[in-house]
Ligand SMILES: CC(C)(COP(=O)(O)OP(=O)(O)OC[C@H]1O[C@@H](n2cnc3c(N)ncnc32)[C@H](O)[C@@H]1OP(=O)(O)O)[C@@H](O)C(=O)NCCC(=O)NCCS
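In the numbering used here, the protein residues as written are 3 to 196.
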């Protein structure tokens, strides 16, 4: 079965008010983020990239470190909504300041909660927090031809930039993908001016 682009039946994106929080150190949350990340890697099977994405998945220590450093934003149903604590985080974003940018390392939403605006809400919060810190762009690297990667960000105002027009984090991520044998033509660097 191919992942569907259509919002799931019965879901109206405009009706969902997401709660986005900056997360702190939390062992259980690190495991939860790993599980979300792993679930999000499965649709890459349909575009022949699951092995590549598995090789690039952050590890549990990576998540712990990011949580300790305050580099993780989590999104879910508002805490006053019934069932929200049982459901827990449904998506997250991991990002770090680099030069004058906020660089997005990961953006993931559980497959069964996709197409309801959660990733857009996470990006909006990230842009707001980055601006507050005096940062001027959001940056990331992503797959050019995967429908829910570069096209998703392009629809949200991101533009493709040359890898050398990125920041220190872009440079090291770009080098890492070359070291891992990932075709650089399949990836691009994108930036959103704030
Ligand atoms: C990309 C991702 C974070 C989007 O999360 P989301 O909460 O569904 O995003 P939103 O609801 O805010 O927006 C949905 C948009 O994504 C697009 N989309 C989502 N899943 C898609 C799919 N399987 N195929 C094509 N487009 C898809 C929709 O077309 C929609 O675009 P539109 O608003 O222009 O109609 C989510 O699909 C995901 O976690 N994917 C796996 C991990 C990943 O690839 N992350 C990005 C790495 S750089």
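For every residue, glycine included, the Cβ atom is placed at its ideal position computed from N, Cα and C.
Nothing here was measured: the structure is a model prediction, and the numbers come from that model.
Exposure of residue 57, with buried meaning 16 or more beta-carbon neighbours within 10 Å:
Taking the first residue of the chain shown as position 1, residue 57 is located at position 55. It counts as exposed.
Residue 65: buried (16+ other C-beta within 10 angstroms of its C-beta) or exposed?
Working through the chain shown from its first residue, we reach residue 65 at position 63. By the neighbour-count criterion, in which 16 or more other beta carbons inside 10 Å mark a residue as buried, residue 65 falls on the buried side.
Paired residues, beta bridge with residue 81 - DSSP
Reading the chain shown from its first residue, position 79 is the one you call residue 81. Answer by DSSP bridge pairing: none, since residue 81 is not bridged.
Rounded to a whole number of angstroms, what is the C-alpha to C-alpha distance between residue 5 and residue 45?
The residue labelled residue 5 in the question sits at position 3 within the chain shown. The residue labelled residue 45 in the question sits at position 43 within the chain shown. Note that residue 5 scores a pLDDT of 47, beneath 50, so its modelled location is shaky; the value from the coordinates is reported in the next line. If I take the Cα positions, the gap works out to 7 Å.
If we count Cβ pairs, one from each stretch, closer than 8 Å, do we get three or more for the region 137-154 versus the region 101-108?
Yes, the region 137-154 touches the region 101-108.
How should residue 62 be labelled, buried or exposed, when 16 other C-beta atoms within 10 angstroms of its C-beta is the threshold for buried?
The count along the chain shown starts at 1 and reaches residue 62 at position 60. Here residue 62 is exposed. Its C-beta has fewer than 16 other C-beta atoms within 10 Å.
May I ask which residues mark the beginning and end of the alpha helix (DSSP H) holding residue 163?
The residue you call residue 163 lines up with position 161 of the chain shown. That residue, residue 163, is in no alpha helix (DSSP H); its beta strand (DSSP E) goes 161-163.
Suppose the cutoff is 8 Å on Cβ atoms and the five residues either side in sequence are ignored; what does the same chain contact list for residue 192 look like?
Numbered from 1 along the chain shown, position 190 holds the residue referred to as residue 192. Excluding residues within five positions, the ones whose Cβ falls inside 8 Å are 141, 142, 143, 144, 152, 155, 156, 160, 161, 162 and 163.
Does any heavy atom of ligand 1 sit closer than 7 Å to the C-beta of residue 45?
The count along the chain shown starts at 1 and reaches residue 45 at position 43. Proximity of the beta carbon of residue 45 to ligand 1 is indicated: a heavy atom of the ligand is located closer than 7 Å.
Between the C-alpha atoms of residue 75 and residue 183, what's the straight-line distance to the nearest angstrom?
To locate residue 75, count along the chain shown from 1; it is residue 73. To locate residue 183, count along the chain shown from 1; it is residue 181. Near 30 Å, if we compare the C-alpha coordinates of residue 183 and residue 75.
Residue environment, residue 147, which counts as buried when at least 16 other CB atoms sit within 10 Å:
If you number the chain shown from 1, residue 147 lands on position 145. So residue 147 counts as exposed.
Could you tell me the distance, in whole angstroms, from the CA atom of residue 39 to the CA atom of residue 189?
Within the chain shown, residue 39 is the residue found at index 37, counting from 1. Within the chain shown, residue 189 is the residue found at index 187, counting from 1. C-alpha separation (whole angstroms): 19 Å.
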